[in-house]
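A.B. asks: First the structure, then my questions, so here it is.
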Amino acid sequence: MLTATGLQSWSWNTAARGWALLAGFPVLLTMAGFGLVLILGGGGNGKGSADSFAVAWNALPAIFVVSLVAAGIWFLIAWALHQWMLDRMTGSHAVTRLEEPRLWNAMEVLCISRGLPMPRLAIIETEARNAFASGLARDRGSVSVTRGLLDSLDDRELSAVLAHEVTHLRNGDARLGVIAAVFAGILSLLAEIIGRGIRFRAMGGGGQRRNNNGGAVIVGVVLIIVAGVLGALLRMALSRNREYLADAGSVALTQDPDAMITALRKVAGHSNIEALPQQVQAMMLDWPAGEAGAGFWATHPSIEQRITALVAYGGGRTVEAVPPPA
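Position 222 (the sequence shown) corresponds to 222 in the UniProt record's numbering; numbering is contiguous.
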């Protein structure tokens, strides 16, 4: 990657990292499929590990194709149910201009000034301060904000957050997030099935059949488990990456990095929404990682990391409160 020297190069580098991370999912899914064929290759018919490896190797092109087809079917289901599921899980509801004039006016000014399509606007009735963008088509997106966020931000900060969410829509991040979730979900499901199978056999439920396929089975199990773990890590890394990119997009749209910084400061420590599934957490403006979710397992960079990047590349200032421009 090139060294980032400003907002544009930072955006380019961040986008390139995102696509590189996304490219890792088909590789991991093929790896897991290879492991599954290794496990099944002997078939309990006395074949040895060498035969199982040969079967898996010869099946590799088919494994790759089948993996992509399975992911594609899962993605189509997610595409059809995406917004409905999000509304149900978050409790968000669409609002009109009459119901939320301030929110509508802020979004309308932003969209008209930048020639962007007006997204569907929705509210989540909670005191938590958060927001997310959804919609798998760029021209039919939705932006949801919590009541707590809307009440706590001034007009500049609200515009900055809306620009952040609109950038998610422009970049197709909801679509990328669903693709990542589909791949990670398949990998996790395979790992769970294999784990249950191992526990079943350990409890004596697998019968007494013996064959010479033990080495291939062990390798297959390890490949599937490793692919599942790496898939989860890739998904988290992709989520963190897209947050940086959306922060950069907010600055590009509003030319007001300080408003994004003060908005993030107001969100910090107030973003948690109870009982939200992990798939939705990754879509939020911020999500508190906690001790167990820090580092590689976090869905978001920390607020301080994001502010540091906005100062370094977006021209922002590290201050608690910023006076309005003259």
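Yeah, the Cβ is synthetic: ideal placement off N, Cα and C, and Gly gets one too.
#1: Inspect the beta-carbon positions of residue 220 and residue 190 and report whether they are closer than 8 Å.
#2: Please look up how many angstroms separate the CB atoms of residue 250 and residue 163, rounded, as I've assumed it's under 8 Å.
#3: With distances taken from CA atoms, which of 231, 28, 53, 102 is nearest residue 218?
#4: State the CB to CB distance for the pair residue 76 and residue 119, rounded to an integer number of angstroms; the pair is presumed to be in contact (CB under 8 Å).
#5: Ordered along the chain, which non-local residues of its own chain (more than five positions away) have a Cβ less than 6 Å from that of residue 266?
#6: Would you call the CB atoms of residue 28 and residue 238 closer than 8 Å?
#7: Locate the alpha helix (DSSP H) running through residue 310, then write down its first and last residues.
#8: Could you tell me whether the region 32-41 touches the region 257-266, using the rule of 3 or more Cβ pairs below 8 Å?
#9: In this structure, does DSSP put residue 59 in helix, strand or coil?
#10: So, for residue 307: in the same chain, excluding its five sequence neighbours on each side, which residues have a beta-carbon less than 8 Å away from its beta-carbon?
#11: Assuming residue 182 contacts residue 297 under a Cβ cut-off of 8 Å, what Cβ separation, rounded to an integer in Å, is found between them?
#12: Let me know the secondary structure DSSP gives residue 66 once reduced to three states.
#13: Give every residue of the same chain whose Cβ lies closer than 8 Å to the Cβ of residue 106, excluding the five residues on either side of it in the sequence, and list them in chain order.
#14: Touching or not, the region 127-137 and the region 77-91, by the rule of three or more beta carbon pairs under 8 Å?
#15: Please state whether DSSP places residue 96 in a helix, a strand or coil.
#16: Would residue 96 be called buried (16 or more neighbouring beta carbons within 10 Å of its own) or exposed?
#17: What are the partner residues of residue 30, as DSSP defines its beta bridges?
#18: Under the assumption that residue 180 contacts residue 64 (Cβ atoms under 8 Å), give the Cβ distance between them as a whole number of angstroms.
#19: For residue 231, is the classification buried or exposed, using 16 other Cβ atoms within 10 angstroms of its Cβ as the cut-off for buried?
#20: Leaving aside the five residues before and after residue 292 along the sequence, list all residues of the same chain whose C-beta is less than 8 Å from its C-beta, in chain order.
#21: Starting from residue 261, trace the alpha helix (DSSP H) both ways and give me its first and last residue.
C.D. replies: With the given structure in hand:
#1: Contact: no.
#2: Residue 250 to residue 163, Cβ: 4 Å. Contact.
#3: It is 53.
#4: Their Cβ separation, rounded to whole angstroms, is 23 Å, which puts residue 76 and residue 119 out of contact at 8 Å.
#5: The answer, listed in chain order, is 152.
#6: No, Cβ-Cβ distance for residue 28 and residue 238 is not below 8 Å.
#7: In the DSSP assignment, residue 310 falls within the unbroken alpha helix (DSSP H) covering 303-314.
#8: Short answer: they don't touch.
#9: The answer is coil: DSSP assigns residue 59 none of H, G, I, E or B.
#10: Close CB contacts of residue 307 within its chain, under the 8 Å cut and outside five residues either way in sequence, are with 261, 264, 265, 316, 318 (chain order).
#11: So it is not a contact: roughly 20 Å between Cβ atoms.
#12: Residue state, collapsed to three classes: helix.
#13: If we look at residue 106 and ignore the five residues flanking it on each side, its Cβ neighbours are 155, 158, 159, 162.
#14: Yes, the region 127-137 is in contact with the region 77-91.
#15: Correct three-state label for residue 96: coil.
#16: Exposed, by the Cβ-count rule.
#17: None, per the DSSP bridge assignment.
#18: Wrong, their Cβ atoms sit about 18 Å apart, outside the cutoff.
#19: Residue 231 is classed as buried because its beta carbon has at least 16 other beta carbons within 10 Å across all chains shown.
#20: Low per-residue confidence applies at residue 292: pLDDT is 45, beneath 50, and the placement is therefore not dependable, though the value from the model is reported in the following sentence. Cβ neighbours of residue 292 beyond the five flanking positions: none.
#21: Here the alpha helix (DSSP H) through residue 261 covers 257-267.
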